[in-house]
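Participant:
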Amino acid sequence: MAARTDHDERAEAEADAQAAAPKRRGVSRIAMAVSILGELLITAGLVLGLFVVYSLWWTNVVADRAADKQGDKVRDNWAQDKGGPGALDTKDGIGFLHVPSMKNGEVLVEKGTSTKVLNDGVAGYYVDPAKATLPMTDKTGNFTLAAHRDGHGAKFHNIDKIKKGDPIVFETKDDWYVYKVFSILPETSKYNVKVLQSVPKQSGKTKPGHYITLTTCTPVYTSEYRYIVWGELERVQKVDSARTPPAELG
Numbered sequence: 086m087a088a089r090t091d092h093d094e095r096a097e098a099e100a101d102a103q104a105a106a107p108k109r110r111g112v113s114r115i116a117m118a119v120s121i122l123g124e125l126l127i128t129a130g131l132v133l134g135l136f137v138v139y140s141l142w143w144t145n146v147v148a149d150r151a152a153d154k155q156g157d158k159v160r161d162n163w164a165q166d167k168g169g170p171g172a173l174d175t176k177d178g179i180g181f182l183h184v185p186s187m188k189n190g191e192v193l194v195e196k197g198t199s200t201k202v203l204n205d206g207v208a209g210y211y212v213d214p215a216k217a218t219l220p221m222t223d224k225t226g227n228f229t230l231a232a233h234r235d236g237h238g239a240k241f242h243n244i245d246k247i248k249k250g251d252p253i254v255f256e257t258k259d260d261w262y263v264y265k266v267f268s269i270l271p272e273t274s275k276y277n278v279k280v281l282q283s284v285p286k287q288s289g290k291t292k293p294g295h296y297i298t299l300t301t302c303t304p305v306y307t308s309e310y311r312y313i314v315w316g317e318l319e320r321v322q323k324v325d326s327a328r329t330p331p332a333e334l335g
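Residues in the sequence shown are numbered from 86 upward in steps of one, following the numbering used here.
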C-alpha cells in the first residue's frame, strides 16, 4: 500500500470541505429564516400590545376627558337655567346616570347609541330600533340606555356587579328618578330588540310602567352578546337648592 503524502491529505481535506459547504449554506439559510420569523413575531407582538393599550387605556383617557367637559357644560347650563323647547330630547346631554354598584361615578346621558356618541364616554338613550321613553315626560314606557363595556370610557364595564334590588338613579336639572333593579339577563343575542320594548316582557313585566333598561356587550372584551339590566321607578325626588342626592347615593 502506497504511503499517503501531504498532498494527498490536503486534497482529501479540500474535497471534504467542498462537500460540507452546501450543508453549511443550507443550515445558514434555515437559521436566517428562523431569525427573521422570530423578529417578525416580536414586532407583531409589540404592535398588538400597543393596540391593546390604545383600545383599553388610552381611549378611556380621551373619552373621559370629553365626557367630563360635556358634563360640566350641561351642569353650567342648568346653573344658568338654560333650557327651552327640545331640551328633553337634545344630543348635548339630558342628565346623569348614577349606579352605585358599578362604582364609576356619574355617567352623562346623551341622545343616540351610535359608535360616535358612545365613544365620547357617555351612555346613550335609544332612538332606534325602539325609541326610549324619557322619564321627564312622565309617560309610561322604557328608558333604554347603552354604553361601552370596554374602552372609550367603559361606563358599563362593571354592569355584572349590579344585583336585584340595587338602586339606579337618573339625575336631571329638576328631579332625581330613583329606580330599583328587578331583573337581569346576563346574556342574549345582540339582535334581541325585544329587551327594548316599552313593556319589557322578557324581564317578567306584563303591564305598562316606568322602566329603565341598561344594555352593553358581553362577555368582557367582546361584542358577541348583550347584557341586560332592568329597573322600575320607585319614586321621584325634587332637586333642592343644594342638589342633595337621594339616600341611595349617600
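Idealized CB from N, CA, C, for every residue including glycine.
A quick note: this is a predicted structure, and the numbers were derived from the prediction, not measured.
Three-state secondary structure (DSSP) at residue 328?
Facilitator: The answer is coil: DSSP assigns residue 328 none of H, G, I, E or B.
Participant: With a threshold of 16 other CB atoms inside 10 Å of the CB of residue 139, please say whether the residue is buried or exposed.
Facilitator: Since pLDDT at residue 139 reaches only 48, below the 50 mark, its modelled position is unreliable, and the value read off the structure follows with that caveat. Residue 139 should be labelled exposed.
Participant: Whole angstroms is fine: what's the gap from residue 338's alpha carbon to residue 148's?
Facilitator: Lying before the first or after the last residue shown, residue 338 is absent from the chain, which here runs from 86 to 335.
Participant: Could you check the C-alpha separation between residue 280 and residue 157 for me, to the nearest Å?
Facilitator: Going by the C-alpha atoms only, they are around 32 Å apart.
Participant: Candidates 242, 278, 259: which alpha carbon is nearest residue 305's?
Facilitator: Nearest C-alpha to residue 305: 242.
Participant: Would you list the one or two residues that DSSP bridges to residue 226?
Facilitator: In DSSP, residue 226 forms a bridge with 295.
Participant: Return the residue from the list 330, 319, 294, 277 that minimises the CA-CA distance to residue 311.
Facilitator: For residue 311, the nearest C-alpha among the options comes from 277.
Participant: So, using beta-carbon positions, are residue 322 and residue 263 closer together than 8 Å?
Facilitator: Contact: yes.
Participant: Apart from the five residues on each side of it in sequence, which residues of its chain come closer than 7 Å, Cβ to Cβ, to residue 171?
Facilitator: In this prediction, residue 171 has a pLDDT of 47, which is less than 50 and means its spatial position is unreliable; what the coordinates show is noted afterwards. Cβ within range, chain order: n/a, list empty.
Participant: Expressed to the nearest angstrom, what Euclidean distance is found between the alpha-carbon atoms of residue 268 and residue 290?
Facilitator: Those two C-alpha atoms are separated by around 9 Å.
Participant: For the alpha helix (DSSP H) holding residue 34, just list the boundary residues, first then last.
Facilitator: The structure shown has nothing for residue 34, since the chain only spans 86 to 335.
Participant: With respect to the alpha helix (DSSP H) encompassing residue 337, which residues constitute its N-terminal and C-terminal limits?
Facilitator: The displayed coordinates of the chain run from 86 to 335. Any statement about residue 337 would go beyond what the structure contains.
Participant: Got a sec, what are the start and stop residues for the beta strand (DSSP E) residue 196 sits in?
Facilitator: Per DSSP, residue 196 belongs to the beta strand (DSSP E) from 191-196.
Participant: Would you mind sorting residue 327 into buried or exposed? The rule is 16 or more other CB atoms within 10 Å of its CB.
Facilitator: Its Cβ having fewer than 16 others within 10 Å, residue 327 is exposed.
Participant: Of the choices 329, 196, 284, 213, whose alpha-carbon is the least far from that of residue 179?
Facilitator: The shortest C-alpha separation from residue 179 is found at 196.
Participant: Give the DSSP-derived three-state secondary structure of residue 182 in the structure shown.
Facilitator: Residue 182 falls in the strand class under three-state DSSP.
Participant: Report buried or exposed for residue 240, applying the criterion of at least 16 other Cβ atoms within 10 angstroms of its Cβ.
Facilitator: With 16 or more other Cβ atoms within 10 Å, it is buried.
Participant: Count the other CB atoms within 10 Å of the CB of residue 229; is the residue buried (16 or more) or exposed (fewer)?
Facilitator: It is buried - the Cβ of residue 229 has at least 16 other Cβ atoms within 10 Å.
Participant: For residue 159 and residue 177, I'd like the C-alpha separation in whole angstroms.
Facilitator: Taking the straight line from one Cα to the other gives about 7 Å.
Participant: Please determine, among 301, 142, 213, 118, the residue with the shortest C-alpha to C-alpha distance to residue 275.
Facilitator: Minimum Cα distance to residue 275 is reached at 301.
Participant: Could you tell me the distance, in whole angstroms, from the CA atom of residue 193 to the CA atom of residue 258?
Facilitator: Computed Cα separation, rounded: 13 Å.
Participant: Whole angstroms are fine: how far does the CA of residue 292 sit from the CA of residue 213?
Facilitator: Cα to Cα, residue 213 sits roughly 22 Å from residue 292.
Participant: Go ahead and pull the three-state DSSP assignment for residue 252.
Facilitator: In the structure shown, residue 252 sits in a strand (DSSP, three-state: E or B).
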